[in-house]
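Peer 1: First, the structure itself, so that you have it in front of you.
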Amino acid sequence: MKKRCAIYCRVSTSNLGQDIDRQIHECHRYAEMMGYEIVETYQDEGFARTTRNRPSLTKLIKDARQRKFSMVISDELSRFAGTPVLLLNLLEELKLWNVHIVSVKESIDTSTPMGEMVSTLIAAMGTDLVVALKMLCCSFRIANISNSVQDAYVG
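So, in structure tokens, the structure goes:
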């Protein structure tokens, strides 16, 4: 049985280089790659990351309560919730219904202990330090790949 997922995308404005179609494409591609069933795609256009009062986000939360899906896929955590308090509140609220969040770009999946820890750290640090954490995660990933390649040649 396929995991049922929802996709959530948001742009605050169309003139800042934000592209909701790209977000939708990336999230759909990820879901297909993982073999998930997409229940619905929710999209909010013209809404700031700082507000919870977004029509599609409200519908997503309502559908999560009704257990229509077990996972929300978003391009980045900032597309879903852009402030520490909002992100923590949404993570906890969705957790009540056993719904997890996946961030495609950041490779975060809150259904895993590591994903839950990293998403909580990102929320706690706020947006100023998120860039540093992303760079650290990228460096860690590169180091792991390098070690794996090195082990393959040595071993």
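For the sequence shown, the numbering used here assigns the number 21 to the initial residue and increments by one for each residue that follows.
Note that CB positions come from ideal geometry on N, CA and C, so glycine has one too.
None of these values were measured; they are calculated from a predicted model.
#1: Quick one: grab the DSSP three-state call for Q43.
#2: Within the continuous alpha helix (DSSP H) that includes T78, where are the two ends?
#3: Assuming the contact rule is C-beta atoms closer than 8 Å, S139 and N118 should be a hit. Round their C-beta distance to whole Å, please.
#4: What separation, rounded to the nearest whole angstrom, lies between the Cα atoms of R79 and P133?
#5: Counting only runs that start and end within the region 81-138, where is the beta strand (DSSP E) found for 3 or more residues in a row?
#6: By Cβ distance below 7 Å, which residues in the same chain neighbour T130 in space, the five residues on each side in sequence not counted?
#7: Does T33 come out as helix, strand or coil in the three-state DSSP assignment?
#8: Using DSSP bridges, identify the partner residues of R72.
#9: Within a Cβ cutoff of 6 Å, which residues of the same chain sit near F185, ignoring the five residues on either side of it in sequence?
#10: Which residue marks the beginning of the beta strand (DSSP E) containing Y62, and which one marks its end?
#11: When the distance is taken between beta carbons, is V105 closer than 9 Å to A143?
#12: What's the gap between the Cα of V169 and the Cα of E65?
#13: Using the C-alpha atoms, what's the distance from V31 back to D39?
Peer 2: Reading it off the structure:
#1: Working through the sequence shown from its first residue, we reach residue 43 at position 23. In the structure shown, Q43 adopts helical secondary structure according to DSSP, grouped into three states.
#2: Locating residue 78 in the sequence shown gives position 58, where the first residue counts as 1. Taken as a continuous stretch (DSSP letters only), the alpha helix (DSSP H) holding T78 covers P75 to R85.
#3: For the purposes of this step, residue 139 is taken as the residue at position 119 of the sequence shown. For the purposes of this step, residue 118 is taken as the residue at position 98 of the sequence shown. 16 Å between Cβ atoms; not a contact.
#4: Translated into the one-based positions of the sequence shown, residue 79 becomes position 59. Translated into the one-based positions of the sequence shown, residue 133 becomes position 113. Residue identity check: residue 79 is Lys in the sequence provided, not Arg. Going by the C-alpha atoms only, they are around 27 Å apart.
#5: Listed in chain order, the complete beta strand (DSSP E) runs (minimum 3 residues) inside the region 81-138 are 91-94 and 120-123.
#6: Residue mapping note: residue 130 aligns to position 110 of the sequence shown, counting from 1. Taking T130 as the centre and dropping the five residues before and after it, the same chain places the C-beta of L111, H120, I121, E136 and S139 closer than 7 Å to its C-beta, in chain order.
#7: Indexing the sequence shown from 1 puts residue 33 at position 13. DSSP places T33 in coil when its eight states are reduced to three.
#8: Stepping through the sequence shown from its first residue, residue 72 is reached at position 52. R72 pairs with nothing; no bridge assigned.
#9: Residue 185 falls outside the range modelled here, since the chain spans only 21 to 175, and no answer is possible.
#10: The residue labelled residue 62 in the question sits at position 42 within the sequence shown. Taken as a continuous stretch (DSSP letters only), the beta strand (DSSP E) holding Y62 covers E57 to E65.
#11: Indexing the sequence shown from 1 puts residue 143 at position 123. Indexing the sequence shown from 1 puts residue 105 at position 85. Against a cut-off of 9 Å, the Cβ pair of V105 and A143 comes out as a contact.
#12: Numbered from its first residue, the sequence shown carries residue 169 at position 149. Numbered from its first residue, the sequence shown carries residue 65 at position 45. Low confidence applies here, because V169 scores a pLDDT of 44, under 50, leaving its location unreliable and the question unanswered by this model.
#13: Counting from one through the sequence shown, the residue named residue 39 turns up at place 19. Counting from one through the sequence shown, the residue named residue 31 turns up at place 11. For D39 and V31, the distance between alpha carbons rounds to 7 Å.
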